[in-house]
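*Asks:* Here it is: the structure, laid out below.
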Amino acid sequence: MFFLKIIAGWIAYFALHSILAANAVKEKCRLQFPVLFSYYRIIYNLVAVGGLLLLAYSSFQDKNFLMQQTTWMKLAGLFFALLGMLVLGIAASSFNMKEFLGLEKEQLNQEAKLVTKGVYGYVRHPLYTGVFILLPGVFLLRPTLSILLCVFITAIYIEIGSRLEEQKLIEVFGEQYIKYSKSVKRYFPFIY
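Counting in my numbering, the sequence shown runs from 8 upward without gaps.
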């Protein structure tokens, strides 16, 4: 029963994440709750972080390791976890973090610009790349079934989520994004 709750929790979390990120949902909220809409990004981030922390905490409650941990496993896990966090930090540095978190409003009449420089010159989704690197590290540090389920479901969601995100980017940038996506790999340079 515990593992079914973990699976259902992660699936519900990622579904809610995508639903709340959809332009149609944002537009509906903007029209129905114009006063509150200026706080949409903050609320979205609070829901995302709160849900993530709750699910991570629940997933870490599993104490039945699937395999004996060795020193090398722990070191490899630490390496991948730290490397993943470094990639996430580098990717995040490409954003205006105050705007990303909802602490600063987007400038009105500001035309969206496709970022293709820096880390985005190597991969289209560096935040997802960081998560892909981080996840095996977490599993190696805590090799339980609940963490393995988390890794598996998250990897599937990243593939789905990146495709949904790319549809939105094509709507905004059109041919410019299509051309960019043909020349820059999705997650890992020269691979995929």
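Ideal Cβ positions, reconstructed from N, Cα and C, are used throughout, including at glycine.
Does Thr-123 come out as helix, strand or coil in the three-state DSSP assignment?
*Replies:* Position 116 of the sequence shown, counting from 1, holds the residue named residue 123. If DSSP states are grouped into helix, strand and coil, Thr-123 belongs with coil.
*Asks:* So, is Gly-125 buried or exposed, given that buried needs 16 or more other C-beta atoms within 10 angstroms?
*Replies:* As a first step, residue 125 is located in the sequence shown; it is residue number 118 there, counting from the start. Exposed, since its Cβ has fewer than 16 Cβ neighbours within 10 Å.
*Asks:* Leaving out five residues before and five after Leu-152 in sequence, what residues of the same chain have Cβ atoms less than 8 Å from its Cβ?
*Replies:* Position 145 of the sequence shown, counted from the first residue, corresponds to residue 152. Only Phe-10, Asp-69, Asn-71 and Leu-73 meet the Cβ criterion.
*Asks:* Quick check on Arg-37: buried or exposed, where buried means 16 or more other Cβ atoms within 10 Å of its Cβ?
*Replies:* Taking the sequence shown and counting its residues from 1, the one referred to as residue 37 is at position 30. Its Cβ having fewer than 16 others within 10 Å, Arg-37 is exposed.
*Asks:* By the 10 Å Cβ neighbour count, where 16 or more other Cβ atoms means buried, how is Gly-96 classified, buried or exposed?
*Replies:* Numbered from its first residue, the sequence shown carries residue 96 at position 89. Exposed.
*Asks:* What span of residues does the alpha helix (DSSP H) with Ala-19 cover, start to end?
*Replies:* Counting from 1 along the sequence shown, the entry for residue 19 is found at position 12. From DSSP, the alpha helix (DSSP H) with Ala-19 extends over 9-28.
*Asks:* What did DSSP end up calling Leu-77 once you bin it into helix, strand or coil?
*Replies:* Walking along the sequence shown from the start, residue 77 turns up at place 70. Note on identity: in this sequence residue 77 is Thr, with Leu being the wrong assignment. In the structure shown, Thr-77 sits in coil (DSSP, three-state: anything other than H, G, I, E or B).
*Asks:* DSSP has Lys-192 in a bridge; who is on the other side?
*Replies:* As a working note, residue 192 is residue 185 in the sequence shown. BP columns for Lys-192 point to Val-130.
*Asks:* If you draw a straight line from the alpha carbon of Leu-59 to that of Trp-17, how long is it in whole angstroms?
*Replies:* Against the sequence shown, residue 59 aligns to sequence position 52. Against the sequence shown, residue 17 aligns to sequence position 10. Their backbone Cα atoms lie some 9 Å apart in a straight line.
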